[in-house]
Structure formats: structure tokens, C-alpha cells
Amino acid sequence: METIIEAATDVAQLTDEELVAEIQRLKRALNAVILAHYYQYSEIQELADFVGDSLELSRKAQQTDADTIVFCGVHFMAETAKILNPTKRVLLPDLAAGCSLADSAPADEFRRVLEQLRAEYPGLVAITYINCSAEVKALSDIICTSSNAERIIRSVPENVPILFSPDRNLGAYLQRKTGRKMLLWNGTCIVHQSFSIRRIEEQLAEHPDAELIAHPECEDAILSRAHFIGSTSALLRYTIESPRTTFIVATEPGIIHQMEKASPHKRFIAALPEKEGCRCSECPYMKLNTLEKLYLCMLRGEPEVRLDPELIERARRPLERMLELSR
Ligand code: 13P
Ligand code: SF4
-11 METIIEAATD VAQLTDEELV AEIQRLKRAL NAVILAHYYQ YSEIQELADF
39 VGDSLELSRK AQQTDADTIV FCGVHFMAET AKILNPTKRV LLPDLAAGCS
89 LADSAPADEF RRVLEQLRAE YPGLVAITYI NCSAEVKALS DIICTSSNAE
139 RIIRSVPENV PILFSPDRNL GAYLQRKTGR KMLLWNGTCI VHQSFSIRRI
189 EEQLAEHPDA ELIAHPECED AILSRAHFIG STSALLRYTI ESPRTTFIVA
239 TEPGIIHQME KASPHKRFIA ALPEKEGCRC SECPYMKLNT LEKLYLCMLR
289 GEPEVRLDPE LIERARRPLE RMLELSR
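FYI, in this note's numbering the residues of the sequence shown are -11 to 315.
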């Protein structure tokens, strides 16, 4: 479908309210759906049709009947949407919105290491976190997210060796949780790696009633001190259900927007990184998407996520296995 849409006026002249109105107008004209991750700026979360964690966003992308999926998140998430619903046009406001975890497992290196390990450990199963490229997905046996990883690991028979990639913190956490020994890829998330247990201890001392809640991409020093560990959606749910009223949140602070919306009477404090004044706990990739870029990508139909159909076919199998196992 070819849609010609006139630009409202010069983008730089538009106020945020006008940009939002233009985005809504384009959404109707394109029959588009806007999906956003919790780490997006709050103004983007506010105008999205759906805000969720990686698993929920994958499901929404797979099920939508819109013609265009506008993905406000990072590249691997938009790629996943394309893989799961390849006839749709998938737009991403900024193609440079990458992920340090995805970068830590380049496809060539992953293929080489996997070949070596398969020779050494016959029957090895490669379980790969969704934060990876389409090519790495295609090389893997099953994909997982932080919300279903435990269930997926438990689905693999005890005597079968597992390579868990690319997040070593999530992998180590899952080993402790399931008691299952796995081979771990040595990747990390620059955001979750930046939190400092020393400064979090200071925050806990300052707020003795507060509970520490953490994403499993954090280091063990933080996880072993946390009152609750979970995916972004699980953290949000926990703050809604818990009788506590103060939380120190050890994940990207974008999610605090939804926490405050859901529990306006509660207090949410962003966990601190080691370096004072550093904004390193904000994901620099997620934050590349702005209202202005969202508007421009819908207006121009670019940047679009395009993937080779053969790669889509190969990457879809391990993703569908994940969805089957997490029903
Ligand atoms: P969730 O699936 O928990 O939303 O995590 C995505 C992510 O990139 C965390 O850094
Ligand atoms: Fe990747 Fe970390 Fe950003 Fe999540 S927060 S998208 S894991 S760099």
C-alpha cells in the first residue's frame, strides 16, 4: 500500500503537543500500531498503543493486524517483530538504536564458538537471550527473554549441555535459580553493569523502609541483595502488588514512569551508578528514539527494518519455540 502524506510543516517548529497530534494522524493514515518498551522516554510511552517487556512486545508484534509496526525500542526488538510478522512493514525511529548485549555476540564469532562447542559437547542446546541479532537467533536452538528464561532452561532435559548467551549475569542468575550448570557467553549490558552496590547500600541506609528490586541483567552483588528480581513487566507488577511504598529500582529508569502511573502514592528511587553525576544507568540506545524521530520515520516510511526472507525463516524457528514454551 502506497500512502502519500503531507508533512505538517517544518518539524523543528512543532511543539511536543503538535508532534503528538501529527503522530496520531499518521498512525491512522498508515493503519499503524506503535509498540514501545518501558525504557522509552515517557512521552513516547504515553502515545504508544502498547508498552511492555520483550516477550509481550514480541507477542503483540506477532498478533497485530495493522499494516505498519512502529517499534519504539532497540534494533533487535524491531528485527524480532519483522521475523514474527514478516508481511508487515516495521519502522524504527533510529536504526542506530543497538544494544551492548547484542554487540557482545557478533554472528561470526558466535557461529565459530558454537561449532567448537557442538563438537566438544554432543547434543548441546544453544539458548540465546532475545537481545541478539537476527543471525545469532538463526544459529540458536531456542530464544528466551528475562521473563521466560527459567522455564525454557527447565524444559531442556538434565543431561543435555546448554550454552547460554550472551548475558553472563542473567546466565549466572539462572544457574543459581535452577541449579543447572551451563556454559556462559561473556556479554553484559552496559546499563545494568553500571549500578553500584556500594551506592545502593547507601540508598538503602538512607531509606530503611525501601525494597531493592532488580532486573536479572544486574551483577550478583546487586541481585543477592535484591528483595525481588524480574523482567521489566514483573518488576512493575511487583510494585503494584507489594504493600511496600518505597522502592529502589535497579533497572533502566524509564520504567519508573509506568510505576508512578500505576501507584501514584508510592515512591520510586532510581538505583545509582558508581560514578557520581553519570547518566550511565540510562540506556543510550533506547534513548535515541525521540518524538521528532518517531514523527519523521512515520512521515517518510524510513528507517525500515528489512531482512532477508531466508534469514527470517531460520530465525523464526527458535523464536516460535520460545513462544510455544512460554504459553
Ligand atoms: P525486558 O524483557 O525485561 O523488558 O528486558 C529488555 C532489556 O533490554 C533489558 O535491558
Ligand atoms: Fe541492551 Fe542494556 Fe539497553 Fe537493554 S538496557 S537494550 S540490554 S544496552
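All residues carry an ideal CB built from backbone N, CA and C; glycine is no exception.
Remember, it's a predicted structure, so these values are computed and weren't measured experimentally.
query: With a threshold of 7 Å, establish whether the CB of Tyr26 neighbours any heavy atom of the ligand 13P.; result: yes
query: Check this for me: beta carbons of Leu151 and Ala95, under 8 Å apart or not?; result: no
query: Can you tell which of Ala107, Ile32 and Asn119 has its C-alpha closest to the C-alpha of Glu67?; result: Asn119
query: Beta strand (DSSP E) containing Val237: first to last residue?; result: Thr234 to Ala238
query: Apart from the five residues on each side of it in sequence, which residues of its chain come closer than 7 Å, Cβ to Cβ, to Leu192?; result: Ala198, Leu200 and Ile236
query: Less than 7 Å separating the Cβ of His203 from some heavy atom of the ligand 13P?; result: yes
query: So what does DSSP say about Val148, is it helix, strand or coil?; result: coil
query: Using the rule of at least 16 other Cβ atoms within 10 Å of the residue's Cβ for burial, across every protein chain shown, is Thr3 buried or exposed?; result: exposed
query: At a threshold of 7 Å, does Asp55 count as lining the ligand 13P (C-beta to nearest heavy atom)?; result: no
query: Say yes only if the C-beta of Asp41 is nearer than 7 Å to one or more non-hydrogen atoms of the ligand 13P, and no if none qualify.; result: yes
query: Out of curiosity, what's the CA-to-CA distance linking Met310 and Glu5?; result: 39 Å
query: So what's Thr278 in DSSP terms, helix, strand or just coil?; result: coil
query: Less than 8 Å between the C-beta atoms of Leu276 and Ala85, yes or no?; result: yes
query: Could you check where the alpha helix (DSSP H) with Ile11 kicks off and where it finishes?; result: Asp4 to Leu18
query: Identify every run of the beta strand (DSSP E) within the stretch 188 to 270, keeping only runs that are complete inside it and at least 3 residues long; order them along the chain.; result: 199 to 202, 234 to 238 and 255 to 258
query: Any idea what DSSP makes of Ile(-8), helix, strand or coil?; result: The predicted model places Ile(-8) with a pLDDT of 48, which falls under 50 and marks its position as unreliable; any figure quoted below should be read in that light. Note: Ile(-8) maps to coil in three-state DSSP.
query: Note the first and the last residue of the continuous beta strand (DSSP E) segment covering Val101.; result: First-last for Val101: Ala95 to Glu108, but that is the alpha helix (DSSP H), not the beta strand (DSSP E).
query: Indicate the three-state DSSP secondary structure (helix, strand or coil) for Leu23 in the structure shown.; result: strand
query: Looking at C-alpha atoms only, which residue of Phe38, Glu292 and Arg294 is the closest neighbour of His25?; result: Phe38
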